[in-house]
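Below you'll find the structure, written out as structure tokens, and then a few comments.
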Amino acid sequence: MSSELKTKTQRLKEIFQSMGRVLVAFSGGVDSTLLLKVARDTLGDKNVLAVTALSPLYPERELAGVKKLIETLGVRHHLIQSNELEIPGFSKNPPNRCYYCKNKLFRELLDLAKGVAILFVVEGSTLDDDKDHRPGRMAIQELGIRSPLKEALFTKIEIRELSKELGLPTWDKPSFACLASRFPYGEEITEKSLRMVDEAENFLFGLGFKQVRVRHYGNLARIEILNEELARLMNGSLRKKVVSHLKEIGYHYITLDLQGFRSGSMNEVLG
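Under numbering that gives the first Met the number 0, think of the first position of the sequence shown as 0, with each following residue one higher.
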């Protein structure tokens with residue numbers, strides 16, 4: 000481990016020590032898993048509570064992984080139910096959609112934390128998150144939610160490096176984002192369309208693709224996979240299999256993005 004990473008890790012521990020007890024918003028992704036691991040190691044299991052919000056925006060494939068991680072880390076864990084589609088304005092999918100979502104979620108987590116005498120709610124944003132369109136950050140700041148990884152100046156690369164050092168199975172896990180990020184701004188998000196996206200991505204992951212996004216445009220699916228896997232998908236028999244299955248799901252047109260996977264590609268239109 001480099002001296003810089005050691006310094007940041009020590010700073011992260013000191014941030015947790017200053018809080019005493021924390022509620023961790025836990026998605027099971029690379030960032031929140033490291034956050035939870037260091038919180039647990041620093042404060043002990045009695046002073047840490049992990050909370051995962053289940054909703055139509057949360058891929059079903061993630062839940063089994065979350066439960067396994069919680070068991071491995073030995074942390075108290077609560078599951079809460081949420082339905083962002085009931086938030087006024089959210090389903091219309093404006094560019095600030097994430098603000099509505101984060102505002103609702105973290106208000107619920109603050110209430111939950113208050114009920115168990117925890118003063119701090121923390122989440123896994125990093126320095127790199129400031130480089131993209133992140134309207135949810137405004138809600139986080141307004142509500143006083145802490146972002147210890149960002150406060151300790153961690154980048155995504157450093158988080159993966161430390162995760163590997165600590166033996167976390169998520170160190171090389173593909174990046175994760177809620178299913179709402181698959182829709183172009185202005186296109187309504189419905190439970191039916193979310194299920195279509197989830198089923199399509201599950202199918203592609205099941206075929207062994209490491210990183211997948213199925214961007215949803217009504218009856219058209221735009222598939223993003225890693226550049227090094229583009230040729231494999233274009234294999235005649237596999238391509239036909241993917242086309243056939245996605246049509247069964249409800250898509251009429253199935254396209255492959257030649258730029259490959261890139262996080263936040265829906266934000267490219269925002270300039």
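All C-beta atoms in this analysis are idealised placements derived from N, C-alpha and C, irrespective of residue type, glycine included.
Note that the structure is a prediction, hence the values are computed from the model and not measured.
Tell me the DSSP secondary structure of residue i in three-state form.
i, result
"glutamine 258", "coil"
"arginine 10", "helix"
"arginine 238", "helix"
"aspartate 171", "coil"
"serine 1", "coil"
"isoleucine 156", "helix"
"phenylalanine 15", "helix"
"alanine 230", "helix"
"asparagine 266", "helix"
"leucine 165", "coil"
"isoleucine 280", "A query on residue 280 cannot be resolved here, the shown segment of the chain reaching from 0 to 270 and no further."
"alanine 138", "helix"
"serine 243", "helix"
Out of the options, which one is the CA nearest neighbour of residue i?
i, options, result
"histidine 251", "Ala220, Leu257, Val241", "Ala220"
"lysine 209", "Gly217, Leu229, Val196, Leu193", "Leu229"
"proline 168", "Thr32, Met18, Gln9, Val23", "Thr32"
"aspartate 127", "Ile158, Phe105, Val121", "Ile158"
"asparagine 92", "Val242, Leu118, Tyr216, Gly73", "Tyr216"
"phenylalanine 260", "Val241, Glu267, Ile224", "Ile224"
"leucine 269", "Asn95, Lys67, Asn82, Leu152", "Asn95"
"leucine 142", "Asn226, Glu107, Glu186", "Glu107"
"glutamate 200", "Val21, Tyr98, Pro58, Pro134", "Pro58"
"phenylalanine 202", "Ile222, Gly263, Glu187, Glu186", "Ile222"
"valine 29", "Ala112, Gly249, Thr154", "Thr154"
"valine 47", "Val120, Leu104, Ser54", "Val120"
"methionine 0", "Ser180, Glu164, Thr254, Leu245", "Glu164"
"valine 211", "Pro147, Gln258, Glu186", "Gln258"
"valine 37", "Leu11, Leu62, Ala24, Ala52", "Leu11"
"lysine 45", "Ser174, Ala176, Val115", "Val115"
"glycine 205", "Lys101, Leu232, Leu42", "Leu232"
"lysine 5", "Leu161, Gly135, Leu56, Leu255", "Leu161"
"histidine 77", "Cys100, Leu56, Ala52, Gly88", "Ala52"
"alanine 179", "Gly135, Gly207, Lys172", "Gly135"
"methionine 195", "Asn218, Phe175, Ala24", "Asn218"
"leucine 56", "Ile14, Ser90, Ser264", "Ser90"
From the DSSP secondary-structure annotation, give me the bridge partner or partners of residue i.
i, result
"histidine 77", "Val50"
"isoleucine 253", "Ala220"
"valine 23", "Ala49, Val121"
"arginine 212", "Glu223"
"arginine 133", "Answer by DSSP bridge pairing: none, since arginine 133 is not bridged."
"arginine 145", "Val121"
Would you verify that the beta carbon of residue i is, or is not, closer than 9 angstroms to some beta carbon of chain D?
i, result
"glutamate 13", "No chain D appears in the structure shown, which is made up of a single protein chain."
Within 10 angstroms of its Cβ, does residue i collect 16 or more other Cβ (buried), or is it exposed?
i, result
"proline 183", "exposed"
"valine 239", "One point to set straight first is that residue 239 is lysine, not valine, in the sequence displayed. Exposed, by the Cβ-count rule."
"threonine 189", "exposed"
"lysine 7", "buried"
"glutamate 122", "buried"
"aspartate 129", "exposed"
"isoleucine 117", "buried"
"aspartate 110", "exposed"
"lysine 191", "exposed"
"methionine 18", "buried"
"lysine 149", "buried"
"arginine 60", "exposed"
"lysine 113", "exposed"
"lysine 67", "exposed"
"threonine 125", "buried"
"glycine 27", "buried"
Along the alpha helix (DSSP H) that carries residue i, what are the first and last residues, could you check?
i, result
"tyrosine 98", "96-114"
"leucine 34", "29-42"
"asparagine 201", "190-205"
"alanine 181", "Checking the sequence shown, residue 181 turns out to be arginine, not alanine. Taken as a continuous stretch (DSSP letters only), arginine 181 belongs to no alpha helix (DSSP H), as it is neither H nor E."
"threonine 71", "59-72"
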